[in-house]
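Some notes on the structure that comes next.
Residue numbers (the UniProt record's numbering): 1 to 285.
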């Protein structure tokens, strides 16, 4: 299906957790060990492949919004001599994504794309699955047309990795951050303390609490990654190269800690202006 295979990764960003093999019980650990060995030789599917599979499932009538079986694929990295994997868990994430569609699409559009009977069946399937898997959680979170501000808190500017691959090579640019789990948790805790001492409870504080609880679900020697994903196609090259959103968030929180509200507002203003330009593209014709 050439039309599907040529589709670019959508305008979404990703927050991923890579856990060491020791975090998984047997026989899952053995599966991921074999999988990682193949993946590190270049034999693993990519995020683009996951997208193509999902789009292919939406072509039939009726569409299949949630895979019938859970994915056995994962992202794999090797850091500090340790192999870490981030399971896709596509089926679980599809169920979670369905919950957000009411906020993303008008009801008439949603009903046309995914009829109520299809969504109802998917929800019933999830309830039965959740009864058997009450503690399940995804290793990947995603956001469309933005990077949530709370995600930036987990990283430092020096952890930024930017690869400005040119169009002539056929590859998209890469912009991501990676940090040890212990650092991500420390930054969340310190930022929460500053926010609670400086401003009223609000969306940022609530979002950080949620992210912090999610991070606590994983092995302490995990690796946390923020990947701009398909947002690299929504940002002009010069803005992408100059994006320092993590640095702006760090500066803003440090200013609040020092009681410098003017500096905090300035940092937040830079961040808001940058991402307002991205979100405006969502509604451009």
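For glycine and all other residues, C-beta sits at the position ideal for the given N, C-alpha and C.
Bounding residues of the beta strand (DSSP E) (the contiguous stretch that carries residue i)
i: residue 141; result: 140-144
i: residue 225; result: 223-227
7 Å Cβ shell around residue i - same chain, five flanking residues per side excluded
i: residue 286; result: In this structure the chain extends from 1 to 285, so residue 286 is not present and cannot be described.
i: residue 275; result: 146
i: residue 172; result: 165, 232 and 233
i: residue 24; result: 32
i: residue 163; result: 173 and 174
i: residue 255; result: 263, 264 and 267
i: residue 16; result: 75, 86, 139, 140, 225 and 227
Buried or exposed (CB count within 10 angstroms, at least 16 for buried), residue i
i: residue 104; result: exposed
i: residue 90; result: buried
i: residue 2; result: Residue placement at residue 2 is poorly supported in this model, since its pLDDT is 35, which falls under 50; the coordinates are not used for a value here.
i: residue 150; result: buried
i: residue 225; result: buried
i: residue 141; result: buried
i: residue 42; result: exposed
i: residue 108; result: exposed
i: residue 200; result: exposed
i: residue 20; result: buried
Contact check, residue i vs residue j, beta carbons under 8 Å
i: residue 257; j: residue 179; result: no
i: residue 234; j: residue 281; result: yes
i: residue 30; j: residue 38; result: no
i: residue 85; j: residue 94; result: no
i: residue 92; j: residue 148; result: no
i: residue 223; j: residue 18; result: yes
i: residue 227; j: residue 13; result: yes
i: residue 220; j: residue 182; result: yes
i: residue 231; j: residue 11; result: yes
i: residue 250; j: residue 184; result: no
i: residue 248; j: residue 279; result: no
Extent of the continuous alpha helix (DSSP H) run through residue i
i: residue 190; result: 181-198
i: residue 19; result: Run containing residue 19: none in the alpha helix (DSSP H); it sits in the beta strand (DSSP E), 12-20.
i: residue 234; result: Segment: none, residue 234 is in no alpha helix (DSSP H) and carries neither H nor E.
i: residue 279; result: 261-280
i: residue 257; result: 245-257
i: residue 116; result: 116-132
i: residue 205; result: 203-215
i: residue 300; result: This structure leaves residue 300 out entirely; the chain is present only between 1 and 285.
i: residue 49; result: 47-58
i: residue 109; result: 107-113
i: residue 26; result: No alpha helix (DSSP H) holds residue 26; DSSP gives it neither H nor E.
Those residues which DSSP pairs with residue i across a bridge
i: residue 82; result: 79
i: residue 162; result: 175
i: residue 74; result: 87
Other residues of its chain near residue i: CB distance less than 8 Å, five sequence neighbours each side excluded
i: residue 192; result: 205, 208, 209 and 212
i: residue 65; result: 57, 58, 94, 98, 114, 118, 119 and 122
i: residue 72; result: 31 and 35
i: residue 217; result: 137
Cut-off 6 Å between Cβ atoms - residues of its own chain near residue i, not counting five sequence neighbours on either side
i: residue 252; result: 264, 267 and 268
i: residue 101; result: 110
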